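So the structure is just underneath, and the comments pick up after that.
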Amino acid sequence: MNIKFSRRRFLTTSAGALAAVAMPHLSRAADRPAVTHGVQSGDVTVDSGVVWARTDRPAQMLVEVATTESFRDARALPPIAALPESDFTAKMLIENLPGGQDIFYRVRFRDLSHPAVEGEPVTGRFRTAPADRRDVSFVWGGDVPGQGWGINPDDGGMFTFSAMRKHRPDFFLHSGDTIYADGPIQSEVKLADGKIWKNVTIPEKAKVAETLDEYRAAHKYNFTDDNLRAFNAEVPIFVQWDDHEVTNNWSLSKELPATYKERDIALLAARAGRAFHEMYPMRESIVEPGRVYRQISYGLHLDVFVLDERSYRGPNGPNLETVYDPASYFLGPDQIAWLKRGLLNSRATWKVIASDMPLSLVVSDTPKGGSEAIAQGDGPVRGREFEIADILRFIKMAPISNTVWLTADVHYAAAHYYDPNKAQFQDFEPFWEFVSGPLHAGTFGPNALDNTFGPEVRFVKAPGKDNQNLPPSAGMQFFGHVKIDGASGQMTVTLRDRADVALWSTTLDPKPA
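Here it is as structure tokens:
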């Protein structure tokens, strides 16, 4: 039975439990297990959250949790193992937390072979979802670090994360392309103006990722950035994946370039998936181990539906099917049924659908000229659009109010308003889709829009067709910021650049359920 603690009971810690984490340890840091890549939290709800850390040897992760920064009220949790099989990572679901509360956690590791040897603690924090109608704030984006633009200390590192951190968001929705496993990081890149971009490098990022350890290293490379580690210690992550966690535009029909010695795309995806789940504080599914799609409820005003548009898609092809069949799968029938159930049962004011790819921007799978995303060009519903039409029709008929789609992927910022009166398929209610990113990658776009669902561009900032793959130093790195007013339920969406300049904003009034 899951026993809910009151705040008073949460603060109660036995002397024995505290003693268990206060064992003597050696004074020399090199002799003790270290927290190697900072700490993270994620998938936070009103009474729980996941905590993650990594160490450098077989060890036990020891976690203390408190509602004060001084840890005066600390509760010690049972230790869990960090073993070579998981690259010495460990994550723990912390339950029975008070709602709407700042939670402080402290992580250290204890050597498995020498239980008296403990490392130095590293602290983090997160805020549980509100049990009342307080304001909610979160940021979103994707794409880090891509196109060879790695961590450059001379450019401040990945400091879009520093800009997002200043807003003290309740959480960060990472819309995918958390790494570029297919993108080597060279020590230097020559810029168009003749200057040199200098990357921090590691040996594993000198080539495309193929082995499990190379996929792991790509994630760990990101965690060496000071901005990202500071952000992770304060802001919980709701993470999803897209293609570059495996390789560019991957599907079962992927023809790997000559740079890959391993030619089995399914094997690469399996290794990439394992590394992805090891490296982030995600809740794990018992029903389907490795599942990415999930619903995260963040208080009375917000449910987030995190989609997986990679694992269940059919092979990338022309995307012109005139009937719905496995060739046109994008989410797949099981995930669609899950999404419909979740939307129907949601009592939250806003239902945010986190899509790792945009609905109507045409994204081609070159060089074959196939379709990488949902859209393939103007006209009636075809191919993967059958699934989107089905979802939009269901939302209208149910009826389900206040759905908003958030995405990244295309490496520029945009706001799209979907109007059935301007669409080829018209059986849906108007809605918004907001696009942000890249957080730290080359800037591209804009892409062509498919008119099937009637999108209208209300805002776009992109470099233009003659100025593609701009480096982060050009300033065109973008993130989105969402605020939900606790009293009125209004949602304000703002698109910002890495200098934290507000580029465009709109406020949406919630409709009655």
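All residue numbers for the sequence shown refer to the numbering used here, where the first residue is 1 and numbers rise by one. From the three backbone atoms N, C-alpha and C, an ideal C-beta is built for every residue, glycine too. Please read all numbers here as calculations on a predicted model, not as lab measurements.
By Cβ distance below 6 angstroms, which residues in the same chain neighbour arginine 127 in space, the five residues on each side in sequence not counted?
Along the sequence shown, read from residue 1 onward, the residue named residue 127 stands at position 127. Excluding residues up to 5 positions away in sequence, Asp102 and Asp170 lie with their Cβ nearer than 6 angstroms to the Cβ of arginine 127 in the same chain.
Go through the stretch 82-168 residue by residue and report every complete run of the beta strand (DSSP E) that reaches 3 residues or more, in order.
89-94, 102-111, 122-127 and 136-141
Going by beta carbon distance, what residues of the same chain come within less than 6 angstroms of alanine 499, once the five residues before and after it are set aside?
Taking the first residue of the sequence shown as 1, we reach residue 499 at position 499. Taken in chain order, the list of residues that qualify is empty.
Do you know offhand how far phenylalanine 161's Cα is from valine 323's?
Against the sequence shown, residue 161 aligns to sequence position 161. Against the sequence shown, residue 323 aligns to sequence position 323. So the two alpha carbons sit approximately 43 angstroms from each other.
What residue range does the beta strand (DSSP E) around histidine 174 cover?
Translated into the one-based positions of the sequence shown, residue 174 becomes position 174. Per DSSP, histidine 174 belongs to the beta strand (DSSP E) from 171-174.
For the stretch 186-268, list the beta strand (DSSP E) runs that are entirely contained and at least 3 residues long, ordered along the chain.
Qualifying beta strand (DSSP E) stretches, in chain order: 188-190, 196-198 and 237-239.
Is alanine 82 near alanine 59, with beta carbons less than 8 angstroms apart?
Here residue 82 refers to the residue found at position 82 of the sequence shown. Here residue 59 refers to the residue found at position 59 of the sequence shown. A contact, by the Cβ cut-off of 8 angstroms.
Among all the DSSP beta bridges, which residues are the ones paired with phenylalanine 425?
Walking along the sequence shown from the start, residue 425 turns up at place 425. In the DSSP output, where bridge partners are listed per residue, phenylalanine 425 has none listed.
From the DSSP output, read off the bridge partner residues of glycine 42.
On the sequence shown, position 42 is the one that residue 42 refers to. According to DSSP, which records beta bridges pairwise, glycine 42 is partnered with Val50 and Ile237.
When the Cβ atoms of the stretch 192-204 are set against those of the stretch 329-338, are three or more pairs found closer than 8 angstroms?
The way I'd put it, the stretch 192-204 doesn't touch the stretch 329-338; fewer than three beta-carbon pairs between them come closer than 8 angstroms.
Serine 355 versus Gly176, Glu95, Gly290 and Leu302, residue with shortest Cα-Cα distance
Residue mapping note: residue 355 aligns to position 355 of the sequence shown, counting from 1. Out of Gly176, Glu95, Gly290 and Leu302, Gly176 has the C-alpha closest to the C-alpha of serine 355.
For valine 139, collect the residues of the same chain with a Cβ closer than 6 angstroms to its Cβ; drop the 5 residues on either side in sequence, then sort them by chain order.
Taking the first residue of the sequence shown as 1, we reach residue 139 at position 139. So the qualifying residues of the chain are Met164, Pro169, Phe172, Phe479 and His481.
What does the Cβ neighbour count give for lysine 166, buried or exposed, with the cut at 16 atoms within 10 Å?
Within the sequence shown, the letter at position 166 stands for residue 166. Looking at its Cβ environment, which holds fewer than 16 other Cβ atoms inside 10 Å, lysine 166 is exposed.
Can you list, in chain order, the residues of its chain with a C-beta nearer than 8 angstroms to that of glutamate 456? Leave out the 5 residues immediately preceding and following it.
Here the question's residue 456 lines up with position 456 in the sequence shown. So the list reads His416, Tyr417, Tyr418, Asp419 and Lys422, once near-sequence residues are dropped.
For glutamate 284, three-class secondary structure by DSSP
By 1-based counting over the sequence shown, the position of residue 284 is 284. Looking at glutamate 284 - three-state DSSP - the assignment turns out to be coil, as it is neither helix nor strand.
By DSSP, does aspartate 365 sit in helix, in strand, or in coil?
Here residue 365 is taken as the residue at index 365 of the sequence shown, counted from 1. Note: aspartate 365 maps to strand in three-state DSSP.
Per-residue burial, lysine 511 [other beta carbons within 10 Å of its own, 16 or more giving buried]:
Here residue 511 refers to the residue found at position 511 when the sequence shown is read from its first residue. With fewer than 16 other CB atoms across the displayed protein chains lying within 10 angstroms of its CB, lysine 511 is exposed.
With 16 other CB atoms within 10 Å as the buried threshold, where does valine 435 fall?
Along the sequence shown, read from residue 1 onward, the residue named residue 435 stands at position 435. Looking at its Cβ environment, which holds 16 or more other Cβ atoms inside 10 Å, valine 435 is buried.
Helix, strand or coil: how does DSSP classify serine 6 here?
As a first step, residue 6 is located in the sequence shown; it is residue number 6 there, counting from the start. For serine 6, the predicted model reports a pLDDT of 43, less than 50, meaning its position is unreliable and no value from the coordinates is stated.
Note down the Cα distance separating glutamine 376 from glycine 464, rounded to an integer number of angstroms.
For this step, residue 376 is matched to residue 376 along the sequence shown. For this step, residue 464 is matched to residue 464 along the sequence shown. Approximately 20 angstroms, taken between the alpha carbons.
Measuring only the C-alpha atoms, how far is valine 381 from valine 410?
Taking the first residue of the sequence shown as 1, we reach residue 381 at position 381. Taking the first residue of the sequence shown as 1, we reach residue 410 at position 410. Straight-line Cα distance between these residues: approximately 22 angstroms.
Rounded to whole angstroms, what is the Cα-Cα separation between glutamate 262 and proline 281?
Position 262 of the sequence shown, counted from the first residue, corresponds to residue 262. Position 281 of the sequence shown, counted from the first residue, corresponds to residue 281. Cα-Cα distance, rounded: 29 angstroms.
Could you tell me which residues DSSP pairs with threonine 443 in its beta bridges?
Here residue 443 refers to the residue found at position 443 of the sequence shown. Secondary-structure assignment with DSSP links threonine 443 through a beta bridge to Leu470.
Apart from the five residues on each side of it in sequence, which residues of its chain come closer than 6 angstroms, Cβ to Cβ, to tyrosine 221?
Here residue 221 refers to the residue found at position 221 when the sequence shown is read from its first residue. Cβ within range, chain order: Ile202 and Lys205.
Leucine 302 versus Ala181, Met491, Glu321 and Tyr105, residue with shortest Cα-Cα distance
If you number the sequence shown from 1, residue 302 lands on position 302. It is Met491 whose Cα lies nearest to the Cα of leucine 302.
Pick helix, strand or coil for leucine 26, following the three-state DSSP scheme.
The residue you call residue 26 lines up with position 26 of the sequence shown. Residue placement at leucine 26 is flagged as unreliable, the pLDDT there being 42, under the threshold of 50; a coordinate-derived value is accordingly withheld.
Which residues bound the beta strand (DSSP E) around proline 455?
As a first step, residue 455 must be located in the sequence shown, where it is residue number 455. Counting along the chain, the beta strand (DSSP E) containing proline 455 begins and ends at 455-461.
Should the stretch 135-153 be regarded as contacting the stretch 90-105, the criterion being three or more beta carbon pairs within less than 8 angstroms?
Counting Cβ pairs under 8 angstroms, fewer than three are found: no touch.
Whole runs of the beta strand (DSSP E) within the stretch 285-372, excluding any shorter than 3 residues
294-297, 302-306 and 350-354
Contact between the stretch 105-112 and the stretch 31-39 is defined here as three or more beta-carbon pairs at a separation below 8 angstroms; is this criterion met?
yes
Delimiting residues of the beta strand (DSSP E) encompassing arginine 496
In the sequence shown, counting from the first residue as 1, residue 496 sits at position 496. Unbroken beta strand (DSSP E) run through arginine 496: 491-497.
Nearest neighbour of serine 505, chosen from Ala414, Ala373, Val65 and Ser113 [CA to CA]
To locate residue 505, count along the sequence shown from 1; it is residue 505. Looking at the Cα atoms, Ala414 is the closest of the given residues.
Please report how far the alpha carbon of histidine 371 lies from the alpha carbon of leucine 508, in whole angstroms.
The residue you call residue 371 lines up with position 371 of the sequence shown. The residue you call residue 508 lines up with position 508 of the sequence shown. Sequence check: residue 371 is serine here, not histidine. Each residue's alpha carbon lies about 32 angstroms from the other.
For my contact list, arginine 496 and alanine 502 are in at a C-beta cut-off of 8 angstroms; report their separation, rounded to the angstrom.
Residue numbering aside, residue 496 sits at position 496 when the sequence shown is read from its first letter. Residue numbering aside, residue 502 sits at position 502 when the sequence shown is read from its first letter. Between alanine 502 and arginine 496 the Cβ distance is about 6 angstroms, and since that is below 8 angstroms, they are a contact.
For isoleucine 395, which option in Asp365, Val50, Lys254 and Phe428 has the closest C-alpha, if you only look at C-alpha atoms?
Position 395 of the sequence shown, counted from the first residue, corresponds to residue 395. Closest option to isoleucine 395, Cα to Cα, is Phe428.
Any idea if isoleucine 179 is buried or exposed, counting beta-carbon neighbours within 10 angstroms, 16 or more meaning buried?
The residue you call residue 179 lines up with position 179 of the sequence shown. Counting Cβ neighbours within 10 Å, isoleucine 179 comes out buried, since at least 16 surround it.
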